[in-house]
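In what follows, a single structure is set out as structure tokens and then discussed.
Chains as they are written, first to last, in the numbering used here: chain H, 1 to 779; chain X, 1 to 153.
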């Protein structure tokens, strides 16, 4: 298991090393990243065919640990991530030549790869969530690579909000799973592997979730999280926007890995949730995404945008596959995840080559590139045909499995369930259409606008060529991939026995006819593709439903407006407003807490001694005098009286340390007031009745809250258990007879350290504020 | 405020306050006192000097050094010294906490022992004192830094 821990840790170690190395090596640091990826790939590959788990304790008291678990599904995902990582690093070393802030770029790319490996292997729910969110954060940094570009910042923020918002849903779902594990498994755990260990534990988990009425909510939350991450309708719109990122990033994050994290987790928890609700939600969302993505891809004119929508569409295919109950569904999801990673990463890299050498990514301006870029065209040919699902290319086999799953579901359930195969075929028609459109950049006549196409360097062509070669291998001998990892991986995501088959159908069956129909209709419709595009464009223009970005913008604007309003109300400028809100909120929270937990105010004890009552009476009079003081000097002096009375009270209540502190601090405070008093206006401003009434009410509220809190917190007269322990052990353990001081410096020294830090913070804030004002800043 | 009465009183009172502060600080482990109280009282003594003689007095009158006339209060050498003092204080407190870890004890573990000094008798040495020195420095440095820049306004 050490090798897997190392494989996850290596990219994170590289994060620290890459920026300084960039200063030494320059652009070539990309190859260092590739080397790290090779190492991780090798370590992961060495575990092929095995299972196992290991853990590093983290928060033992809560049973949180960095648990990693190896099985075929995790290995498949990790191999894709690190393998494509190698190619992307190598490609970027050349592609990103001479670009700014490459140290940050490679560090983020490496951190991203580490987080993906973490998601793949994590079996602890907390660790899984952390790695999941880390991928979102890294993606944010990488999409926003062009920090000075407003569009880039907008897209980065959009991706962040959608995917992290989905991550929050996942957090809730994971916590609920952990809660359910208590009754189901005997003890509460964060270990996902323990929940999914065998049929018995899965059944127990399902029963526990159903009993508490949480089964469907958790299912929905997981689906929303995965949908946000994997760009499922209606949260798909961030993915095309994310294409402002540099092409290697698009290839790595937005085709091969990050967007698949959602699919991966769906596959992981599939055995737990499989059922009617699961199919209705997941398969429906998946097929809807498959259709919407394919339709939008047809309208796209930028080749990267086309690929982005196509990615959403294919993610929909995988999600739909996992949504179906039959074992064909699991096979379709897993096998297509594998195929898609190969052909889509290659296609993005091809798009990068085209943009790099031709200078445009607009499909209308491209054509006939096979003359200038023959190798690139060959790569594109193989991978596009796999994408379109043309036999005998790899993508065909996995799509055929989806058709089988949809067909079987229609047969088994009947009625409206026949919509599933129908929609799947419809989406596939559009898939064929946009695949042919992508291919048109390489075929036919070269438009006059394209001239001087340079030969692409080997470093840019080799990575996609390798991927295309792998696609070819999978096409010719799909058994190799299935044997190596895909078959076992599918078994992990299924509850029944799986048998991944990849054959070209020779006799007419339902699924075979579906494939045939999709191909024939798609190819037949291609000559009139422009009419189809115009039709879609008209529909899009007429309906806001087709443009979720508008809704996103509107929501964001509203939230910003509300936030500004709130800020202006709570934080308007005068210190008085600010203090009012802070105090009122604190009191409300404290009192609400007392009310909701139902604590009772204990009966009062014996009356305080006369001396104490006298001192407190003087203090009360002084407090009234402070409020009524006509000038600052009078106010400060009466405040002093109040403070000293409190000090005397401490003496009477036998708290010499407190009394001493109070005395000294009170003296200091007086001096400070005297220092600044000359700067203040001599007399208070005219008092308004409403403000005075509000302040008085607030003061009473704060006083009452403090009073109640003290009564509740110190219910009896004697020493608490803790206090007694301190008194008994002060001399022996701390070596001091002053218990207060021993507590401060020994028993609870960590608190004292924190308080020292607070003093530092206050001093630093004062210094910084003054320095900012001296420089003329007001923020 | 820099009247003769204040100055004369300050001359007499400040040394006494400093001695009391030191005794409160050192005796803190067994009697009322400790790093925080000692620190605040020390600050009180310094504030008295500032009120009576001004911020530059310590530099010019006591340490006999030239005061750089230029620059704002933030670049003032005294303020810089306070900043160094509170940083040092936090460093000491942290270091005393880490020292225990060298001996395999938890962070902030405190040790104490009794030593016999000839003539004077039995004395206690507690590592908590080092931690308290750190707190003392933080309090003195932090508060004085705030007071001197606010006072200079």
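For glycine and all other residues, C-beta sits at the position ideal for the given N, C-alpha and C.
### Message
Using a Cβ-Cβ cutoff of less than 8 Å, which residues in the same chain neighbour residue 779 (chain H) once the five nearest sequence positions on both sides are dropped?
### Response
Bear in mind that a pLDDT of 45 at residue 779 (chain H), under 50, signals an unreliable position, so the model cannot answer this.
### Query
Is the Cβ of residue 718 (chain H) closer than 8 Å to any Cβ of chain X?
Not closer than 8 Å to any Cβ of chain X, the Cβ of residue 718 (chain H) fails to qualify, so no.
### Query
Closest to residue 333 (chain H) by CA distance: which of H:480, H:720, H:649 and H:260 is it?
If you compare the alpha carbons of H:480, H:720, H:649 and H:260 with that of residue 333 (chain H), the shortest gap goes to H:260.
### Message
Looking at chain X, is there any beta carbon in it that lies within less than 8 Å of the beta carbon of residue 735 (chain H)?
### Response
It does: the Cβ of residue 735 (chain H) has a partner Cβ on chain X nearer than 8 Å.
### Close-in-space but distant-in-sequence residues of the same chain around residue 387 (chain H) (CB under 6 Å, 5 per side omitted)
Taken in chain order, the residues that qualify are 343, 395 and 435.
### Task
Identify the contact partners of residue 14 (chain X) in chain H, using a Cβ-Cβ distance below 7 Å as the criterion.
The contacting residues do not exist; residue 14 (chain X) stays about 13 Å from chain H at best.
### Query
By Cβ distance below 6 Å, which residues in the same chain neighbour residue 459 (chain H) in space, the five residues on each side in sequence not counted?
For residue 459 (chain H), where only same-chain residues beyond five positions count, the Cβ hits under 6 Å are 94.
### Message
Quick check on DSSP: helix, strand or coil for residue 203 (chain H)?
### Response
Of the three classes helix, strand and coil, the one that applies to residue 203 (chain H) here is helix, per DSSP.
### Task
From the DSSP output, in three-state form, read off residue 59 (chain H) for me.
Strand.
### Under 8 Å between C-beta atoms of residue 221 (chain H) and residue 285 (chain H)
No Cβ-Cβ contact shorter than 8 Å links residue 221 (chain H) with residue 285 (chain H).
### Message
I'd like the ranges of any beta strand (DSSP E) spanning at least 3 consecutive residues and lying wholly in the stretch 82-158 of chain H.
### Response
Counting only runs of 3 or more, we get nothing.
### Task
Taking residue 783 (chain H) as part of the alpha helix (DSSP H), name the residues at either end of that continuous run.
An answer regarding residue 783 (chain H) cannot be provided, because it is not within the stretch 1 to 779 covered by chain H.
### Query
Comparing the C-beta of residue 29 (chain X) with each C-beta of chain H, is any distance below 8 Å?
With respect to chain H, the C-beta atom of residue 29 (chain X) has a partner C-beta closer than 8 Å.
#### Entry: Top-ranked residue by Cα proximity to residue 187 (chain H), from H:481, H:208 and H:634
Ranking H:481, H:208 and H:634 by Cα distance to residue 187 (chain H) puts H:208 first.
### Closest residue to residue 662 (chain H) among H:675, H:107, H:642 and H:774 (Cα-Cα distance)
Comparing Cα positions, the closest option is H:642.
### Message
Excluding the 5 residues flanking residue 791 (chain H) on each side, which residues of the same chain have their C-beta closer than 8 Å to its C-beta?
### Response
Residue numbering for chain H in the displayed model covers 1 to 779; residue 791 (chain H) lies beyond these limits and cannot be assessed.
### Task
With 8 Å as the threshold, decide whether the Cβ of residue 779 (chain H) is near any Cβ in chain X.
With a pLDDT of only 45 at residue 779 (chain H), under 50, the local geometry of the prediction cannot be trusted, and the value read off the model is given with reservation. Judged by the 8 Å Cβ criterion, residue 779 (chain H) is not in contact with chain X.
### Message
So, under 8 Å CB-CB, residue 85 (chain X) and residue 140 (chain X) are touching, yes? Tell me the CB distance rounded to an integer number of Å.
### Response
6 Å between Cβ atoms; contact.
### Message
Going by C-alpha to C-alpha distance, which of H:312, H:657, H:138 and H:169 sits closest to residue 111 (chain H)?
### Response
Closest in C-alpha terms to residue 111 (chain H), from the list H:312, H:657, H:138 and H:169, comes H:138.
### Whole-number beta carbon distance between residue 119 (chain H) and residue 79 (chain H), since they are thought to touch under 8 Å
Rounded, the Cβ-Cβ distance is 14 Å, inconsistent with contact.
### Task
Reducing DSSP to helix, strand and coil, say where residue 779 (chain H) ends up.
Only weak support exists for where residue 779 (chain H) lies, its pLDDT of 45 falling under 50; the value from the coordinates is given anyway. Residue 779 (chain H): coil per DSSP, three-state reduction.
### Query
DSSP beta-bridge partners for residue 530 (chain H)?
Partner(s): none; residue 530 (chain H) has no beta bridge.
#### Entry: Inter-residue Cα distance where the pair is residue 138 (chain X) and residue 742 (chain H)
Spanning the alpha carbons of residue 138 (chain X) and residue 742 (chain H) requires a straight line of approximately 19 Å.
### Task
Could you check the C-alpha separation between residue 174 (chain H) and residue 250 (chain H) for me, to the nearest Å?
Spanning the two alpha carbons is a distance of roughly 29 Å.
### Query
Of all the residues that make up the stretch 649-664 of chain H, which are near chain X by a beta-carbon distance shorter than 7 Å?
Correct list: 656, 657, 660, 661 and 664.
### Task
Output, in chain order, the set of chain H residues within a Cβ distance shorter than 8 Å of residue 58 (chain X).
Neighbours of residue 58 (chain X) on chain H: none; closest Cβ ~17 Å, over 8 Å.
### Query
So, does the CB of residue 51 (chain X) fall closer than 8 Å to a CB anywhere in chain H?
At least one chain H Cβ lies under 8 Å of residue 51 (chain X).
### Query
Roughly how many whole angstroms lie between the Cα atoms of residue 234 (chain H) and residue 424 (chain H)?
Using only the alpha carbons, I get a separation of about 18 Å.
#### Entry: Buried or exposed (CB count within 10 angstroms, at least 16 for buried), residue 16 (chain X)
Within 10 angstroms of the beta-carbon of residue 16 (chain X) lie fewer than 16 other beta-carbons, which makes it exposed.
#### Entry: Boundaries of the beta strand (DSSP E) in which residue 446 (chain H) is found, first to last residue
Where residue 446 (chain H) is concerned, there is no enclosing beta strand (DSSP E), given that its DSSP letter is neither H nor E.
### Task
Verify the CB distance criterion: does residue 139 (chain X) have a CB-CB separation below 8 Å to chain H?
True, the Cβ-Cβ gap to chain H drops below 8 Å.
### Task
Give the secondary structure of residue 54 (chain H) by DSSP, where H, G and I count as helix, E and B as strand, and everything else as coil.
Strand.
### Query
Who are the neighbours of residue 20 (chain X) on chain H, taking C-beta pairs under 8 Å?
Within chain H, no residue comes near residue 20 (chain X); the closest Cβ sits about 10 Å away, beyond 8 Å.
### Query
Could you give the distance in angstroms between the alpha-carbon of residue 774 (chain H) and the alpha-carbon of residue 691 (chain H)?
Roughly 33 Å between the two C-alpha positions.
### Task
Check the Cβ-Cβ distances between residue 742 (chain H) and every residue of chain X, and say whether any is below 8 Å.
Under the Cβ criterion of 8 Å, residue 742 (chain H) is counted among the residues facing chain X.
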